[in-house]
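Using my numbering, the letters of the sequence shown correspond one by one to residues 651 to 759. This report concerns only the one structure given below.
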Amino acid sequence: MLTVVDIELLYFEDCPHWQVARDRIAQALAETGNAGTPITLRTIDTPDEAEREAFPGSPTIRIDRVDACGPTTGVGLTCRVYQTPDGPAGAPTVTDLVAAVRRAELRRH
């Protein structure tokens with residue numbers, strides 16, 4: 651069983667997808683035996699803050715400070731688009747998040 655040190659969900663206030671992302675993170679954690687792991691919610695409010703945080707768009711999920719869905723280009727207060735089997739979406743799939751948790755597990759061993 652993995653105890654994830656840090657899971658952050660970064661988003662801007664008007665993001666229509668951050669709550670879906672939060673729910674999918676919780677589901678992925680449950681599926682990997684990590685139910686109850688705290689998810690730190692962080693709002694990114696300004697372009698300067700987006701730059702400081704290397705924020706590629708909302709929602710962004712970091713597990714142990716690593717972007718859960720891989721490297722991105724660009725920084726700013728924008729919606730992030732995730733490629734899924736059903737086409738572009740505003741949040742990663744549970745399957746992708748389970749894979750990200752598993753990668754974090756491998757990095758810890």
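Ideal placement from N, C-alpha and C gives every residue a C-beta, glycine not left out.
What is the DSSP secondary structure of residue i, counted as helix, strand or coil?
{"i": "A741", "result": "coil"}
{"i": "R730", "result": "coil"}
{"i": "V716", "result": "strand"}
{"i": "I760", "result": "Coverage of the chain is limited to positions 651 through 759, which leaves residue 760 absent and any answer about it impossible."}
Find the nearest neighbour of residue i within the set the options, judged by alpha-carbon distance.
{"i": "P709", "options": "I689, E701, A671, T743", "result": "A671"}
{"i": "T743", "options": "T728, I713, L660, D673", "result": "D673"}
{"i": "N684", "options": "D656, V731, D717", "result": "D656"}
{"i": "D664", "options": "A704, T728, I689", "result": "T728"}
{"i": "T690", "options": "R753, F705, L660", "result": "L660"}
Pull up the CB-CB distance for residue i and residue j, whole angstroms please, since I reckon it's below 8 Å.
{"i": "P666", "j": "G740", "result": "7 Å"}
{"i": "V731", "j": "P738", "result": "5 Å"}
Touch test, the segment 678-685 against the segment 738-752, Cβ-Cβ under 8 Å, three pairs minimum: Three or more beta-carbon pairs drawn from the segment 678-685 and the segment 738-752 are found closer than 8 Å, and the two stretches are therefore classed as touching.
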